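One structure is given below, encoded as structure tokens.
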Amino acid sequence: MEAYLAVVVGAVFAGGFYLVMQRNLLRFVFGLILLSSGVNLLVFTAGGISRGAPPIIPEGASVPVGEVANALPQALILTAIVIGFGLTVFAMVLLLRVYERLGTLRTDRLTAHLDDPQPVAGLPDDEAPA
Amino acid sequence: MLIALLLAFGAALVAPWVTGRLGRSAGWLLALLPAGLTLYFLSLGPRVAAGEPLVQRVSWVPQLGVELAFRVDGLALLFGLLIAGIGTFVAVYAGGYLAGDRQLPRFYLLLFSFMAAMLGVVTSDDLILLFVFWELTSITSFFLIGFQHESEESRANALQGLFVTAGGGLAMLAGFVLLGSMAGTYRISELLASPAVLVEHPAYPLALALVALGAFTKSAQWPFHFWLPNAMAAPAPVSSYLHSATMVKAGVYLLARLAPALGGTPQWFWLLTLVGGATVLAATLLTLLQRDSKRLLAYSTIVALGTMVLLIGVGTPAAIKAMVVFLFAHALYKAPLFMAAGSVDHEAGSRDVTRLAGLGRSMPWTWLAAGLAGISAAGLPPMLGFIGKELAYEGLMGAPWLLAGLIAAGAVLLLVAVQVAWVPFAGRTVRAPKAPHEAPPSMLVGPLALAALGLTFGLVPGLVQDGLMRPAAAAVLGAPYAFDLYLWHGLTLALGLSLLTVSLGVALAATWRRWQPLLLARFGGVRVGPVAVYEGGWRWLLRFAALQTRFVQSDDLRHHLTIIVAFTVALTGGVALWRGGLESMVWAPSGAYLHEFLYFAVILLATATVVRSHSRLVVITSLGVVGFGVAFVFVLFAAPDLAITQFLVDTLVVIIAALVLIRLPSSALRGEGGRDIRWLSGAVAIAGGALITGLLLAVTGLPFDGALTRFFEANSYPAANGRNIVNVILVDFRAVDTLAEVVVLAVAAGGVGALLRRRLGRGDADAARREPDGGAQ
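If you're matching them up, the sequences are chains V and B in order. The first sequence maps to residues 1 to 130 in our numbering. The second sequence maps to residues 131 to 907 in our numbering.
Here you go:
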């Protein structure tokens, strides 16, 4: 079971790594989203998975009855999902601002445009053959 | 001793406040502290002279065997008196020299910090402690050289001084650690007691070289001499105090201090005599090119320092005796000479000796002080400087070559004395950039008193012979040594050599105006040797740094990330393979149901689509699918809370991404890098993914430790009254973390709000102008 999940996690990570190494800032943000999903799955899998009951204590008992899933990684991931959301939204709005200000999303053109405050219209850079 | 040091550091802290309150008269009050310290050292005199050093130890870092150990013996006493005594006069002098300067409070803070640190250097009985104080003196020296920090030259010179001395200090620290491990102790007095262990140790040459490097850089020995003349950018009180009388002698002190432990070997002899001799030679020649009074004095200081190192290297009782007396005499004449040069600069407006003449009428007291000190500097009777020079000649009788060098140096020292103490003052016609007038009393007390001391001790050397000179020489030799000092030695060979020196010097001085311009024209702009190496090295360092920075930190985010990811993957993977971190990896593909495979396949496909597609809509949708796939995994494996949150967040992300993408042109996802880059990032990404898979397999292959989980399961209801364990962990056991999470979200929300508001606030005209263009693309 863990073996399959490990492959899935590795694939999501590989996709995320690939995208953050691209020249396009938008793809970079997408890579960030993939990476945060990958990390969540990684922690989840490393914390031991089970198909049993969720970590909830039934009425009338003071401890969980029978085998339940590991609560600790779930608590960690819950935090991580929310933080990742905050990061993603901030990154996207920042990206939007960058485009409006500098007129490009190419990482190698950003600093070139920093020197001239006039925004450049459109994405002429992107038309260049790759 | 510890109390005295703490007092000095404390005084440094209150000095700015006192200066702020008292203004120009603050120097007189502040000088009371060094005066008190001088008296304290004087009170130690009798017991030290009787062979009972003052010892004090306070544990500091017992785990490392480092302690606050102090020991005041003859050598430390001599230095302590010089530091505190000259410090007294410098404090008074600075009050006049820098009167009205806004930076005067800061100056006193630095000056007293330096004094305290320097006292620490000479009284420490622990190598590490000595190093700490040593570096403190380098740092205060840095700030004092760069005191006029608006001047770029001043800053560059300060940096140069710091680089050379602190760099040498680091080498010295390495040497100290070596010495400590060789002898098994960092206590200096114990090192001195067991020289055989150190000298016969195989690491002895290395330790000696490292320690000597520290001493040579600090004492401006060739080839590190060049920082000292440049340090003359500092105000005159600093030049007089740090860069002639005390700090630059720290290297001499260190060599003298360790001489009983490390000395007496051929390596010691050759290293010190060669470097000292080269220093004397180089500085003597360079002095001939100078016209600036302070630079003249700086080069003559280097000559003197070289002489001291030379004498320590020779190491015979006669040489050590000469070293101690010469050191004392040098401090007593060089400090007033610097102060006088500073006064002339201050009151007559120039340090160029060719532009000054006839100041003696308007500045008679300054002339008197400079004259007395100058006679001592020139090595003429009846001053202490004469005795010191005679002894140096006697100490080197066995080495004719060194002696010859020293005679040439002595002639040049006389030339310097004439240039600084006679030429600007003598004559009837007054030449100066501004109308000269006598310096205020605060700037006269110091030079006059110190020069008078040089005269007194010259006439009656018995005053310092038993109490100061003998114990100091004994400390350097490691054994008591009785000698007597006389002004008049009788008709000896040394006297004859003195006569030779004086006639040479007079000849040089008399013809100076004729040959100096020629020499300056020929060699003035030439920059060779160590200075060129330093400057060239500096340029190359900057060039290399720029190159390296451009490679590692290019303007392009993609380069950064590629480097970061590639190195992380390579290092993590490399270490994991090398150290066997992946040995617990188990490949056991079993136990999955068909519908589970379905979810996995959906995640994989959606990920591939995100990576490959160039359509905005397809990419957003695929991102959403990946997120939902992850949420279904949470559902499958008993994590309902996670699944709910993931569904919610994923939906929001897709919506926001769509909102953002609408504002971007449809071509926003096109325009990737070239094929080669894609290959590279693809390879790195696949390696990274494989590494993650491997690590995850390795982790899940290890036995699981559920202790924490068991704690939460057992305490969730009894302690926190909650049945959903995940929620209880978040809001109860880890409530502070969750609070921090809320703060992070609030900050992110604030940032988003600010960015969006800026966008609206910057005028719709801007947005309107760009909007159609963006859409058209």
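Backbone N, C-alpha and C fix where the C-beta goes; we use that ideal spot for every residue, glycine too. All of these numbers come straight from a predicted model, not from anything done at the bench.
Would you give the residue range spanned by the alpha helix (DSSP H) that Leu-426/B belongs to? To locate residue 426/B, count along the second sequence from 1; it is residue 296. Per DSSP, Leu-426/B belongs to the alpha helix (DSSP H) from 423-444.
Cross-strand partners of Val-191/B (DSSP beta bridge): Stepping through the second sequence from its first residue, residue 191/B is reached at position 61. Val-191/B pairs with Val-196/B.
Taking a Cβ distance cut-off of 8 Å, strictly less, list which residues of the region 246-266 of chain B are near chain V, in chain order. Among the residues of the region 246-266 of chain B, none has a Cβ less than 8 Å away from any Cβ of chain V.
Which residues mark the beginning and the end of the alpha helix (DSSP H) in which Tyr-227/B is found? Against the second sequence, residue 227/B aligns to sequence position 97. Looking at the DSSP string, the run of the alpha helix (DSSP H) that includes Tyr-227/B is 204-227.
is_contact[Gly-472/B, chain V] using C-beta, thresh 8 Å: Working through the second sequence from its first residue, we reach residue 472/B at position 342. Not closer than 8 Å to any Cβ of chain V, the Cβ of Gly-472/B fails to qualify, so no.
Examine chain V for any beta-carbon lying closer than 8 Å to the beta-carbon of Leu-489/B, and answer yes or no. Here the question's residue 489/B lines up with position 359 in the second sequence. Under the 8 Å criterion on CB atoms, Leu-489/B is classed as non-interfacial with respect to chain V.
Mind checking Tyr-227/B: buried by the 16 CB within 10 Å criterion, or exposed? One-based indexing of the second sequence puts residue 227/B at position 97. Per the 10 Å Cβ criterion, buried.
Just to confirm, is the Cβ distance from Ala-391/B to Pro-325/B under 8 Å? Indexing the second sequence from 1 puts residue 391/B at position 261. Indexing the second sequence from 1 puts residue 325/B at position 195. Between Ala-391/B and Pro-325/B, the CB-CB gap stays under 8 Å.
Could you work out which residue in Leu-629/B, Asp-475/B and Val-410/B is closest to Pro-511/B when comparing CA atoms only? Working through the second sequence from its first residue, we reach residue 511/B at position 381. Closest option to Pro-511/B, Cα to Cα, is Leu-629/B.
In the structure shown, what three-state DSSP assignment does Asn-287/B receive? Taking the first residue of the second sequence as position 1, residue 287/B is located at position 157. Note: Asn-287/B maps to helix in three-state DSSP.
By the DSSP assignment, the alpha helix (DSSP H) with His-476/B in it spans what residues? As a first step, residue 476/B must be located in the second sequence, where it is residue number 346. DSSP places His-476/B in the uninterrupted alpha helix (DSSP H) bounded by 447-478.
Does the beta carbon of Pro-719/B sit closer than 8 Å to a beta carbon anywhere in chain V? As a first step, residue 719/B must be located in the second sequence, where it is residue number 589. Yes, contact with chain V.
Which word fits Gln-193/B, buried or exposed, when buried means at least 16 other C-beta atoms lie within 10 angstroms of its C-beta? For the purposes of this step, residue 193/B is taken as the residue at position 63 of the second sequence. Exposure of Gln-193/B is indicated by the presence of fewer than 16 other C-beta atoms within 10 angstroms of its C-beta.
Contact belief for Val-188/B with Leu-198/B at Cβ below 8 Å, rounded distance in angstroms: Taking the second sequence and counting its residues from 1, the one referred to as residue 188/B is at position 58. Taking the second sequence and counting its residues from 1, the one referred to as residue 198/B is at position 68. With a contact defined as Cβ atoms closer than 8 Å, Val-188/B and Leu-198/B qualify at about 4 Å.
Thr-781/B to Thr-751/B, Cα distance in whole Å? Taking the first residue of the second sequence as 1, we reach residue 781/B at position 651. Taking the first residue of the second sequence as 1, we reach residue 751/B at position 621. Going from the Cα of Thr-781/B to the Cα of Thr-751/B covers about 10 Å.
Leaving out five residues before and five after Ala-363/B in sequence, what residues of the same chain have Cβ atoms less than 6 Å from its Cβ? Against the second sequence, residue 363/B aligns to sequence position 233. These residues qualify, in order along the chain: Ile-275, Ser-284 and Asn-287.
How about Leu-838/B and Gln-74/V: are their beta carbons less than 8 Å apart? For this step, residue 838/B is matched to residue 708 along the second sequence. For this step, residue 74/V is matched to residue 74 along the first sequence. In this structure, Gln-74/V does not lie closer than 8 Å to Leu-838/B by Cβ.
Our contact map puts Glu-520/B next to Ala-366/B with C-beta atoms below 8 Å; I'd like the distance itself, whole angstroms only. Along the second sequence, one-based indexing puts residue 520/B at 390. Along the second sequence, one-based indexing puts residue 366/B at 236. So it is not a contact: roughly 30 Å between Cβ atoms.
Residues from the region 830-850 of chain B in contact with chain V, defined by Cβ distance under 8 Å: The region 830-850 of chain B vs chain V, Cβ under 8 Å: Thr-830, Phe-834, Gly-836, Leu-838, Thr-839, Phe-842, Glu-843, Ala-844, Ser-846, Tyr-847 and Pro-848.
Return the bridge partner residues of Ala-487/B from the DSSP annotation. Locating residue 487/B in the second sequence gives position 357, counting from the first residue. Answer by DSSP bridge pairing, in chain order: Arg-561/B.
Report, in whole angstroms, the separation of the C-beta atoms of Ala-361/B and Gly-436/B, which I expect to be a contact under 8 Å. Locating residue 361/B in the second sequence gives position 231, counting from the first residue. Locating residue 436/B in the second sequence gives position 306, counting from the first residue. About 17 Å; that fails the 8 Å criterion.
If contact is defined by three or more beta carbon pairs under 8 Å, each pair taking one atom from either stretch, is the region 29-38 of chain V in contact with the region 11-19 of chain V? Short answer: they touch.
Cβ closer than 8 Å: which chain B residues qualify as neighbours of Val-82/V? Taking the first sequence and counting its residues from 1, one reaches residue 82/V at position 82. Ordered by position in chain B, the residues that pass the 8 Å Cβ test against Val-82/V are Thr-775, Val-779, Glu-871 and Leu-875.
In this structure, what does DSSP give as the bridge partners for Arg-106/V? Here residue 106/V refers to the residue found at position 106 of the first sequence. Its beta-bridge partners are Asn-24/V.
Quick one: residues in its chain with C-beta nearer than 6 Å to the C-beta of His-690/B, no 5 flanking neighbours on either side, listed in chain order? Within the second sequence, residue 690/B is the residue found at index 560, counting from 1. So the list is empty, once near-sequence residues are dropped.
Whose C-beta lies closer than 8 Å to the C-beta of Ala-798/B among residues of the same chain, with five residues either side of it excluded? In the second sequence, residue 798/B corresponds to position 668, counting from 1. The beta carbon of Ala-798/B sits closer than 8 Å to those of Arg-746 and Leu-791, all from its chain and outside the five residues before and after it, given in chain order.
Nearest to Asp-126/B by CA position, among Gln-595/B, Thr-737/B and Ala-604/B, is which residue? Past the boundaries of the shown model lies residue 126/B; chain B is included only from 131 to 907, so the question cannot be answered.
Answer with buried or exposed for Ile-822/B, where buried requires no fewer than 16 other C-beta atoms within 10 angstroms of its C-beta. Locating residue 822/B in the second sequence gives position 692, where the first residue counts as 1. Residue environment analysis places Ile-822/B among the buried positions, since at least 16 neighbouring C-beta atoms fall within 10 angstroms of its C-beta.
Ends of the alpha helix (DSSP H) at Val-779/B? As a position in the second sequence, residue 779/B is number 649, starting the count at 1. For Val-779/B, the enclosing alpha helix (DSSP H) stretches over residues 770-792.
At 4 residues or longer, and completely inside the region 286-327 of chain B: list those alpha helix (DSSP H) runs for me, N to C. Qualifying alpha helix (DSSP H) stretches, in chain order: 318-323.
Along the region 92-105 of chain V, where does the CB come closer than 8 Å to a CB of chain B? Name the residues. Listed by position, the residues of the region 92-105 of chain V near chain B (Cβ gap below 8 Å) are Met-92, Val-93, Leu-94, Leu-95, Leu-96, Arg-97, Tyr-99, Glu-100, Gly-103 and Leu-105.
May I ask you to report which of helix, strand or coil DSSP gives Val-814/B? Position 684 of the second sequence, counted from the start, is the residue given in the question as residue 814/B. In the three-state reduction of the DSSP assignment, Val-814/B falls in the helix class.
Chain-ordered neighbours of Ile-786/B on chain V, where CB pairs are closer than 9 Å: Counting from 1 along the second sequence, the entry for residue 786/B is found at position 656. Within 9 Å Cβ-Cβ: Thr-88, Val-89, Met-92 and Val-93.
C-beta atoms of Ser-423/B and Val-382/B nearer than 8 Å: Position 293 of the second sequence, counting from 1, holds the residue named residue 423/B. Position 252 of the second sequence, counting from 1, holds the residue named residue 382/B. Their beta carbons are not under 8 Å apart, which means Ser-423/B does not touch Val-382/B by this criterion.
Between Ala-898/B and Gly-883/B, what straight-line distance do the alpha-carbon atoms span, to the nearest angstrom? Here residue 898/B corresponds to residue number 768 of the second sequence, with the count starting at 1. Here residue 883/B corresponds to residue number 753 of the second sequence, with the count starting at 1. The pLDDT assigned to Ala-898/B is 45, lower than 50, so where the model puts this residue is not dependable, and the model offers no usable value.
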